[in-house]
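For what it's worth, the working numbering labels the leading residue of the sequence shown as 353, then goes sequentially. Heads up, the beta-carbon is just placed ideally off N, CA and C, and yes, glycines get one too. Quick caveat, the model's predicted, so the values are computed rather than measured.
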Amino acid sequence: MKAPGSAMEEEQDQHDPSIKTRNTLMWFRTDLRLQDNKALYEASMRSKVGARHLIALYIISEDEWKEHDEAPIKIDFWMRNLTSLKKDLDRLAIPLVTKTAKDIADIPTLVEQVVKEMDISHVFWNADLMIDEQRRDAAVKKSLMKLPGVAVEECNCECIVDPADIKTKTGNPYSVFTPYYNNWCKLVETEQHYLELTGPPEANPPEAKDIFADIFKTVPSGSYPHSLDIKMVNELYPAGEDAAHERLKSFLQSKVKKYREARDVPVQDGTSLMSPYLTSGVVTTRQCVAIARAANNNKIVSGDEGIKAWIRELGWKEFYKNILISFPRVCMGRAFQPKTEKVQWSDNMEHFQRWCEDKTGFPIVDAGMRQLNATGYMHNRLRMITACFLVKDLLIDWRLGERYFMNSLIDGDLANNNGGWQWSASTGTDAQPYFRVFNPLLQSQRFDPKGSYIRKWVPELRGLNDKQIHDPSHILHPKDFAKLGYPKPIVDHAVAKKKYVDEFKRILAL
Numbered sequence: 353m354k355a356p357g358s359a360m361e362e363e364q365d366q367h368d369p370s371i372k373t374r375n376t377l378m379w380f381r382t383d384l385r386l387q388d389n390k391a392l393y394e395a396s397m398r399s400k401v402g403a404r405h406l407i408a409l410y411i412i413s414e415d416e417w418k419e420h421d422e423a424p425i426k427i428d429f430w431m432r433n434l435t436s437l438k439k440d441l442d443r444l445a446i447p448l449v450t451k452t453a454k455d456i457a458d459i460p461t462l463v464e465q466v467v468k469e470m471d472i473s474h475v476f477w478n479a480d481l482m483i484d485e486q487r488r489d490a491a492v493k494k495s496l497m498k499l500p501g502v503a504v505e506e507c508n509c510e511c512i513v514d515p516a517d518i519k520t521k522t523g524n525p526y527s528v529f530t531p532y533y534n535n536w537c538k539l540v541e542t543e544q545h546y547l548e549l550t551g552p553p554e555a556n557p558p559e560a561k562d563i564f565a566d567i568f569k570t571v572p573s574g575s576y577p578h579s580l581d582i583k584m585v586n587e588l589y590p591a592g593e594d595a596a597h598e599r600l601k602s603f604l605q606s607k608v609k610k611y612r613e614a615r616d617v618p619v620q621d622g623t624s625l626m627s628p629y630l631t632s633g634v635v636t637t638r639q640c641v642a643i644a645r646a647a648n649n650n651k652i653v654s655g656d657e658g659i660k661a662w663i664r665e666l667g668w669k670e671f672y673k674n675i676l677i678s679f680p681r682v683c684m685g686r687a688f689q690p691k692t693e694k695v696q697w698s699d700n701m702e703h704f705q706r707w708c709e710d711k712t713g714f715p716i717v718d719a720g721m722r723q724l725n726a727t728g729y730m731h732n733r734l735r736m737i738t739a740c741f742l743v744k745d746l747l748i749d750w751r752l753g754e755r756y757f758m759n760s761l762i763d764g765d766l767a768n769n770n771g772g773w774q775w776s777a778s779t780g781t782d783a784q785p786y787f788r789v790f791n792p793l794l795q796s797q798r799f800d801p802k803g804s805y806i807r808k809w810v811p812e813l814r815g816l817n818d819k820q821i822h823d824p825s826h827i828l829h830p831k832d833f834a835k836l837g838y839p840k841p842i843v844d845h846a847v848a849k850k851k852y853v854d855e856f857k858r859i860l861a862l
């Protein structure tokens, strides 16, 4: 969609010949890629029909990162991908200007300065549908619209199906996944434009290398340290668009057909591990669905069970983003179900700290938290187990867990993270019923029957047999258990479950 005032573009093109000899600007945000980048493609096309050169911009905004509780490992991943993007742009003679904003409020001024300094006539970016980002972009537009001969164009690229295009029969946003997904599949399968991918930008004329030589010499600066092993992180999550597509290709060639069965087994390498790249915009959900669909004989709701299951998981990503956009209160720390705001959460911060520090005495829970704390990633099954444990066994406010995950995850995504936590807490849309409480022991025995995942992350328990490892405090003799150096369970699951269920019954009866 064109921003308010973009009609200026046509008028200026007709009446102001000078606009055709100026430069075009692409403002990158959470879309660090060349392929399937609508704004970048449109900016490239604009530069070819009248502008001199295409210039790229990225603004480092630590204030925004803090506002959104972005994890240090995620910020590091962003910056590594920004460096990779710069190299890709360099090959196309497209200079990347990087600026640092001390405060969110400084961003409009920074963009305006670049527009003036680089003689820009058209500014492109992909719309960000989150509330804070919409406010930021509105402020930037307002600033740019005051400049003579400058046009702004915002492109819709974030969702495969725009939230405005997918409603219930009564015209309301969906709040339940299955009917949403059924309609989403129908639209995507019948209307080809939803999966149309835009190509990469065209290269600037060769002289751009000389004209912008100083910019090409600069590299994205700043130190954004994290506490994890750098070599391990770089090997687990290599940066760049090429690395992302190689990972996607490998998954679809060797693992996707077993995905339906393997996705819930945490010790297996059965998932795509594409989430960090999707969250940082190195690849798009549209690309993943389009490529997976092509591998499934152009089918989404039929065909290979593994591919269908994986596309459905991508559908959840679209659904939760749709929820965040349609019901903005959920990104403001509010429960989707207002009545659940009356839950009297526990203020036992020692329990919360034990959960954060992987010392709950429940092996499967501690294993999941150790994976998170050591790698910045956690298997999805463990995200559900650990979240449910915090909320329903410890009765800790889901918002504390949501924030801890965002502060820790390399793939922390506001919509997905919020949706997952509210599902686990039975406060959200299409949520797990409040009376359904995961039993950590049964979850452990079902999804890690041999204890392999626990042994990997809880080395104190490696010497136990397949039965003992799930519940050592109850199976071993007290003296033998004490020798392990592993904590006793901090709660009795049966007692904790009753307390949680009783509390929900209380608020629902109000």
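- Task: Would you tell me roughly how many angstroms separate the C-alpha atoms of Arg-722 and Asp-710, rounded to the nearest one?
- Result: 6 Å
- Where Asn-534 sits in the DSSP three-state scheme: helix
- Tell me whether the beta-carbon of Val-789 lies closer than 8 Å to the beta-carbon of Lys-849. yes
- With contact counted as at least three CB pairs below 8 Å, one residue from each stretch, are the stretch 456-473 and the stretch 420-439 in contact? no
- Item | Exposure of Asp-455, with buried meaning 16 or more beta-carbon neighbours within 10 Å | exposed
- Let me know the secondary structure DSSP gives Val-467 once reduced to three states. helix
- Query: Is there contact between the stretch 549-565 and the stretch 433-448, where contact requires at least three CB pairs shorter than 8 Å?
  - Reply: yes
- Output the distance between the C-alpha atoms of Glu-593 and Ser-436, rounded to the nearest integer angstrom. 8 Å
- Message: Give me, in chain order, the residues of the same chain whose beta-carbon lies closer than 8 Å to that of Pro-785; leave out the 5 immediate sequence neighbours on both sides.
- Response: Ser-778
- Task: Would you mind stating whether Asp-763 and Thr-636 have Cβ atoms separated by less than 8 Å?
- Result: no
- Is the beta carbon of Thr-738 sitting closer than 8 Å to the one on Gly-720? yes
- Item | Contact between the stretch 474-484 and the stretch 508-523 (3+ Cβ pairs under 8 Å) | yes
- Keeping to the same chain, check which residues put their C-beta closer than 7 Å to that of Pro-577; ignore five residues upstream and five downstream. Pro-424
- Determine contact between the stretch 374-384 and the stretch 467-479, defined as no fewer than three beta-carbon pairs at a distance below 8 Å. yes
- Item | Per-residue burial, Thr-570 [other beta carbons within 10 Å of its own, 16 or more giving buried] | exposed
- Query: CB-CB under 6 Å to Lys-651, same chain, minus the five flanking residues each way: which ones, in chain order?
  - Reply: none
- Task: Determine the direct distance from the alpha carbon of His-826 to that of Phe-833, and round the result to whole angstroms.
- Result: 9 Å
- Item | According to DSSP, residues forming a beta bridge with Cys-507 | Asn-478
- Task: Determine the closest residue to Lys-439 out of Ser-413, Ala-408, Pro-811, Lys-451, with distance taken between C-alpha atoms.
- Result: Ala-408
- Query: Does DSSP classify Val-401 as helix, strand or coil?
  - Reply: helix
- Task: Tell me where the alpha helix (DSSP H) around Thr-351 begins and ends.
- Result: Residue numbering for the chain in the displayed model covers 353 to 862; residue 351 lies beyond these limits and cannot be assessed.
- Just checking, does the stretch 526-544 make contact with the stretch 656-676 on the three C-beta pairs under 8 Å criterion? yes
- Query: How about Leu-724 and Ser-760: do their beta carbons lie closer than 8 Å?
  - Reply: yes
- Query: What is the DSSP secondary structure of Lys-451, counted as helix, strand or coil?
  - Reply: strand
- Message: Please identify the residue among Ala-503, Gln-795, Leu-862 whose C-alpha is closest to the C-alpha of Asp-471.
- Response: Ala-503
- Message: I'd like the list of long-range same chain contacts for Ala-647, defined as Cβ closer than 7 Å, with 5 residues on each side in sequence excluded.
- Response: Leu-604, Ile-659
- Query: How many angstroms separate the CA atom of Met-353 from the CA atom of Ser-473?
  - Reply: Residue confidence is low: Met-353 scores 37 on pLDDT, short of 50, so the model does not pin down where it sits. Its coordinate-derived value is still stated next. C-alpha separation (whole angstroms): 18 Å.
- Could you give the distance in angstroms between the alpha-carbon of Asn-524 and the alpha-carbon of Glu-485? 24 Å
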